[in-house]
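First up is the structure itself, then whatever we jot down about it.
Residue numbers (the numbering used here): 7 to 161.
Pasting the structure below:
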């Protein structure tokens, strides 16, 4: 999904929910979709304020669930007590697995087309229909183990 199509989807979702399209919400959207990596609410706040200094922390925290419900963002909980978000450029696909590097704290998303089959298979055995699913793997960096440095680690 292109950024302009995603922005239009966001506008329509806000209107459908009876919410105003504000400059602050659009700055939050733009900051989120400019990110290639996963980000926290606080990181999004910092980036949105670069685009619009009037963006408040409260507006970010109120907008994140809206963007998640509209399937524009995916929320990722890696068990660290802090939620991460990722722009959903694929338009709602849940066919990804997350691999969390325990050494550099980065989250990688890997295509996992088998997940639809697996979710349907195990749910149907119980007479259920899957609504959401996720696969998350915690891993360690081979390069760090072998050389002592991780090329993916950010400063």
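Using N, Cα and C, we set each Cβ at its ideal position, and we do this for glycine too.
Nearest CA to the CA of residue 45: which residue from 30, 81, 56? In the chain shown, residue 45 corresponds to position 39, counting from 1. If we check each option's Cα against that of residue 45, 81 comes out closest.
Determine the direct distance from the alpha carbon of residue 89 to that of residue 16, and round the result to whole angstroms. For the purposes of this step, residue 16 is identified with residue 10 of the chain shown, where counting begins at 1. For the purposes of this step, residue 89 is identified with residue 83 of the chain shown, where counting begins at 1. Going from the Cα of residue 16 to the Cα of residue 89 covers about 21 Å.
Counting along the chain, where does the beta strand (DSSP E) carrying residue 89 start and finish? For this step, residue 89 is matched to residue 83 along the chain shown. 89 to 93 is the span of the beta strand (DSSP E), which, as asked, contains residue 89.
Who are the near neighbours of residue 33 in its chain, counting only those whose CB is closer than 7 Å to its CB and skipping five residues on each side? Taking the first residue of the chain shown as 1, we reach residue 33 at position 27. Excluding positions up to five away in sequence, the list reads 54, 57, 58, 61.
Determine the DSSP secondary structure at residue 80, reduced to helix, strand or coil. What you label residue 80 is simply residue 74 of the chain shown in a count that begins at 1. Strand.
Let me check one thing: in DSSP terms, what residues is residue 192 bridge-paired to? Outside the shown range of the chain, which is 7 to 161, sits residue 192, and nothing can be said about it.
C-beta atoms of residue 117 and residue 102 nearer than 9 Å: Walking along the chain shown from the start, residue 117 turns up at place 111. Walking along the chain shown from the start, residue 102 turns up at place 96. Yes. Within cutoff.
Looking at the ligand MG, does it come within less than 8 Å of residue 85, judged from the CB to the closest heavy atom? This structure simply doesn't include the ligand MG, nor any ligand for that matter.
If you compare alpha carbons, which of 150, 129, 107, 95 is closest to residue 139? Residue 139 sits at position 133 when you count from the first residue of the chain shown. Of the candidates 150, 129, 107, 95, the one whose C-alpha sits nearest the C-alpha of residue 139 is 129.
Measuring only the C-alpha atoms, how far is residue 77 from residue 12? For this step, residue 77 is matched to residue 71 along the chain shown. For this step, residue 12 is matched to residue 6 along the chain shown. Between residue 77 and residue 12, the C-alpha separation is close to 10 Å.
Any contact of the region 107 to 123 with the region 66 to 76, i.e. 3+ C-beta pairs under 8 Å? no
Tell me the rounded alpha-carbon separation between residue 18 and residue 154. The residue labelled residue 18 in the question sits at position 12 within the chain shown. The residue labelled residue 154 in the question sits at position 148 within the chain shown. Approximately 49 Å between the Cα atoms of the pair.
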